[in-house]
Amino acid sequence: MELKDKRVTVVGLGISGEAAAKFLHEHNAKVRVTDKSDNPQVQQDARALKDMGIECELGEHREAFLEGSELIVVSPGVDNSALPVKWADERGIPVISEIELGYRFCRAPIIAVSGTNGKSTVTSLIGQMFTAGGRDVYICGNIGVPFTSVVSMAAPEAVVVLEISSFQLERIDTFSPHIAVMLNITQDHLDRYANFDEYANAKLRLFSNQKAADYAIVNYDQAKFKDLSAKSKLLYFSKRSLPKKFEGVFVENEELLVRRDGRYIWLAAKEELSLSGEHNLENALASGLAALISGVEPNIIKETLCHFKGLSHRFELVDTINGIKFVDDSKATNVDSVKKAVQSSSKGIILIAGGRDKSSDYRILAGPLKEKVKSMLLIGEAREKIKKALSGAVPISFAESLEEAVKTAFGSARNGDTVLLSPMCSSFDMFRDYKERGEVFRNAVNSLKRSNKDA
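Numbering (the numbering used here), first residue to last: 40 to 494.
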């Protein structure tokens, strides 16, 4: 892609939009940025871009600002109904994602990881395996580091491990990872997509441009992947034994085994894995297989799987007070991830949930909640909808803030119980993102511990 003197408009001044604008500027494009928000953070980011000579429009999208654009680069939060996207589509002007932009200039092989849940954990696991093996690796994408901020540094002998969301896949054109990992597809983001099939199809674009020399790694235990049509080499991971006609990684006699080209390779014993829960078993299998076919030695894969500490805000034990565990699972922003968190916990859960609704069907949780959850405390915009959907499953009450919810939960908990923050919603009604929500939870627990000690 030739960018010199090309008139490019970036839509959305979030972290990826800012990185895309700077990348385009470095490649001598004529860059403009438009964002319909006008909050202090956006204003600060815009000032930094203006100092570089990049024109910024805040608070609205105007057609006059878009005039003359030859290319539109959209941030993940910008959907197809946004004025700049419709304006460009009507005029036949290309619209691409920041991921597509970075791909056009990437010299290193790409391992792309997607799925409704587990993306960040698997991306981090694979990255750590490469690091332990002594190879230069760049971990980026939806995990928080924009692709375009690292692509110029990634030499051909390095590897890029890219967490990628359905939003980022909507506007790809040529993007084709050498290894594409799809962990799972379950209900999510129905506030953006018309139905589940539309969401799933956006996810499956991950494989659309792969070639015969590439690899697709998919979850054999999800029926939708068993008949997946792919141009690339299809490999599977399974928590159970894998039929002999398929190649991939699976569990047999509590051991993680890889079958490829008629050979078996032992990775680890299930009991040795550092991360607990069936969902983390899937994460271990997928990451181990991706690293193995990229040349990472089995012993290094084993060491990583047995010593990986996990991610912040993903089923993370914050503290234990009077025998009561406080677990931060703020990254659980959909129903399926909360279901897995509950299933991975012992009985006696006091669940703190709620936030901004994503058109989710919360009724799916009724069964798992009855088995493990003593009570629920709901916060945020979706609390009435959640209560209506789960009425009768467990006792439900409301809290006006996360801090209040933590105090109330502690007051009703007993030795051996778990206070679990697993929101099943996005954070944007009350917090900047899931990380801030998790930090507020952590601070509330720390404050509780101090006051309890003083008492």
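C-beta: ideal position from N, C-alpha, C; glycine also.
Predicted, not measured: the structure shown is a model, and the values here were computed from it.
Taking residue i as the reference, which of the options has the closest Cα?
| i | options | result |
| --- | --- | --- |
| residue 184 | 54, 109, 279, 48 | 54 |
| residue 113 | 80, 58, 384, 303 | 58 |
| residue 62 | 81, 143, 116 | 143 |
| residue 159 | 222, 418, 91, 337 | 222 |
| residue 132 | 203, 428, 105, 442 | 105 |
| residue 289 | 176, 257, 268 | 257 |
| residue 386 | 401, 408, 402 | 408 |
| residue 397 | 298, 465, 293 | 465 |
| residue 264 | 272, 224, 231 | 224 |
| residue 41 | 110, 377, 177 | 110 |
| residue 250 | 241, 219, 235 | 219 |
| residue 411 | 272, 162, 432, 123 | 432 |
| residue 482 | 51, 147, 119, 442 | 442 |
| residue 349 | 335, 459, 312, 331 | 312 |
| residue 252 | 296, 460, 308, 271 | 271 |
| residue 451 | 370, 364, 146 | 364 |
Whole angstroms is fine: what's the gap from residue i's alpha carbon to residue j's?
| i | j | result |
| --- | --- | --- |
| residue 237 | residue 227 | 11 Å |
| residue 474 | residue 367 | 10 Å |
| residue 356 | residue 139 | 37 Å |
| residue 358 | residue 154 | 30 Å |
| residue 310 | residue 322 | 15 Å |
| residue 362 | residue 456 | 7 Å |
| residue 101 | residue 399 | 33 Å |
| residue 215 | residue 121 | 26 Å |
| residue 9 | residue 402 | Residue 9 is absent from the model: the chain starts at 40 and stops at 494. |
| residue 207 | residue 454 | 44 Å |
| residue 390 | residue 477 | 14 Å |
| residue 491 | residue 187 | 47 Å |
| residue 343 | residue 437 | 41 Å |
| residue 285 | residue 341 | 23 Å |
| residue 123 | residue 50 | 7 Å |
| residue 428 | residue 137 | 37 Å |
| residue 239 | residue 489 | 46 Å |
| residue 266 | residue 56 | 36 Å |
| residue 480 | residue 445 | 7 Å |
| residue 213 | residue 244 | 11 Å |
| residue 393 | residue 486 | 22 Å |
| residue 161 | residue 103 | 43 Å |
| residue 314 | residue 353 | 11 Å |
| residue 304 | residue 298 | 7 Å |
Looking at the secondary structure, which residues open and close the beta strand (DSSP E) in which residue i lies?
| i | result |
| --- | --- |
| residue 468 | Premise fails: residue 468 is in no beta strand (DSSP E) and is neither H nor E. |
| residue 285 | From DSSP, residue 285 is part of no beta strand (DSSP E); its letter is neither H nor E. |
| residue 219 | 218–221 |
| residue 275 | 272–276 |
| residue 153 | 149–153 |
| residue 443 | First-last for residue 443: 441–451, but that is the alpha helix (DSSP H), not the beta strand (DSSP E). |
| residue 355 | 355–360 |
| residue 198 | 198–202 |
Counting C-beta neighbours from all protein chains within 10 Å, is the total for residue i 16 or more, i.e. buried, or is it exposed?
| i | result |
| --- | --- |
| residue 346 | exposed |
| residue 434 | exposed |
| residue 168 | buried |
| residue 254 | buried |
| residue 233 | exposed |
| residue 91 | exposed |
| residue 80 | exposed |
| residue 280 | exposed |
| residue 301 | exposed |
| residue 177 | buried |
| residue 67 | exposed |
| residue 471 | exposed |
| residue 146 | exposed |
| residue 406 | exposed |
| residue 262 | exposed |
| residue 338 | exposed |
Just to confirm the assignment, what range does the alpha helix (DSSP H) spanning residue i have?
| i | result |
| --- | --- |
| residue 189 | Run containing residue 189: none; DSSP gives neither H nor E here. |
| residue 168 | 158–171 |
| residue 210 | That residue, residue 210, is in no alpha helix (DSSP H); it is neither H nor E in DSSP. |
| residue 104 | 102–105 |
| residue 345 | 337–346 |
| residue 113 | Segment 110–113 is the beta strand (DSSP E) holding residue 113; no alpha helix (DSSP H) there. |
| residue 142 | 137–142 |
| residue 292 | Where residue 292 is concerned, there is no enclosing alpha helix (DSSP H), given that its DSSP letter is neither H nor E. |
| residue 62 | 54–65 |
I want to see whether chain D comes within less than 8 Å of residue i, judged by CB atoms only; does it?
| i | result |
| --- | --- |
| residue 278 | No chain D is present in this structure, which holds just one protein chain. |
Quiz item: For the stretch 168–181 against the stretch 89–103, are there 3 or more C-beta pairs whose distance is under 8 Å?
Solution: no
Quiz prompt | Contact the stretch 116–136 vs the stretch 83–91: 3+ CB pairs below 8 Å | solution = no
Quiz item: Is it true that the stretch 273–281 meets the stretch 320–334, where meeting means three or more beta-carbon pairs spaced less than 8 Å apart?
Solution: Yes, the stretch 273–281 is in contact with the stretch 320–334.
Quiz item: Three or more beta-carbon pairs under 8 Å between the stretch 414–421 and the stretch 374–385, yes or no?
Solution: no
Exercise. Would you be able to state if there are at least three C-beta pairs under 8 Å between the stretch 194–214 and the stretch 72–82?
Key: no
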